[in-house]
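In my numbering, the protein residues as written are 1 to 261. We put the CB at the ideal spot given by N, CA and C, even for glycine. First comes the structure, then the notes that go with it.
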């Protein structure tokens, strides 16, 4: 198999690592831009819709919680659409592109209607079989649709492909090899999934990416040489901060070296 190697697109997944503080979010954007990342990516949730009965239950890991209940915790870390508009402008000012993952249909619709300039919307692994969400993206969002495949079987991946084929949107689809563990052990990164996605779907979809939750940056270089166009890594200013994603994130020195390599 021949590959046409070009510089990968590096996505700094800020996610919820901003701790619900817009000033911290701005610092993360500025730092990601200085490190040379192409995108700063956030997340959007309608927590009451998404969580249902779980909204009022205690956080399963109290030491990481920003509230007494899981709902309070998630609301503390949630930015409004107005905040996301500000974040997109901060990105533009600092020469880095803005991206966001949507966790359900309400957030997807709100972002589409917000008129924020978006190159793509991302569907996280946990939501890639939410066909209400996928249908809204297929029908109403005319740019690229990125989907992580953590926790997803081969048959489920085929089901996702058939769904987007029905709407004639395969040309806009980017699939990410991903292992949903934080942080993931090296022997569970399953890098050859990148090769499998390229072999089976490269002639049908837009591109293939890699979303990593491992430690260090050697795995990302391997993902690039296997043909991943998008390299997405969680990003933080301090890996010791409270929260579930910081331990699996790169600090500025790590992200800068990843881009360099």
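So is residue i buried or exposed if we call it buried at 16+ other beta carbons inside 10 Å?
i: residue 178; result: buried
i: residue 253; result: exposed
i: residue 41; result: buried
i: residue 185; result: exposed
i: residue 153; result: exposed
i: residue 43; result: buried
i: residue 60; result: exposed
i: residue 122; result: buried
i: residue 197; result: buried
i: residue 190; result: exposed
i: residue 155; result: exposed
With DSSP as the reference, label residue i as helix, strand or coil.
i: residue 16; result: coil
i: residue 84; result: helix
i: residue 60; result: coil
i: residue 238; result: coil
i: residue 184; result: coil
i: residue 250; result: strand
i: residue 98; result: strand
i: residue 148; result: strand
i: residue 66; result: coil
i: residue 44; result: strand
How far does the alpha helix (DSSP H) with residue i in it reach, from first residue to last?
i: residue 160; result: 154 to 166
i: residue 196; result: 192 to 201
i: residue 23; result: 22 to 35
i: residue 222; result: 218 to 225
Can you tell me where the beta strand (DSSP E) with residue i in it begins and where it stops?
i: residue 232; result: 230 to 234
i: residue 176; result: 173 to 178
i: residue 207; result: 207 to 212
Pull up the CB-CB distance for residue i and residue j, whole angstroms please, since I reckon it's below 8 Å.
i: residue 204; j: residue 9; result: Incorrect: roughly 20 Å between the Cβ atoms, too far for contact.
i: residue 96; j: residue 33; result: 4 Å
i: residue 212; j: residue 219; result: 6 Å
i: residue 28; j: residue 237; result: 6 Å
i: residue 162; j: residue 138; result: That belief does not hold up - the Cβ atoms of residue 162 and residue 138 are roughly 12 Å apart, past 8 Å.
i: residue 209; j: residue 193; result: Not a contact, Cβ separation roughly 11 Å.
i: residue 110; j: residue 74; result: Not confirmed; about 16 Å, so no contact.
i: residue 173; j: residue 145; result: 6 Å
Every unbroken alpha helix (DSSP H) within the stretch 105 to 146, with a cutoff of 4 residues, ordered by chain: 105 to 113, 131 to 140
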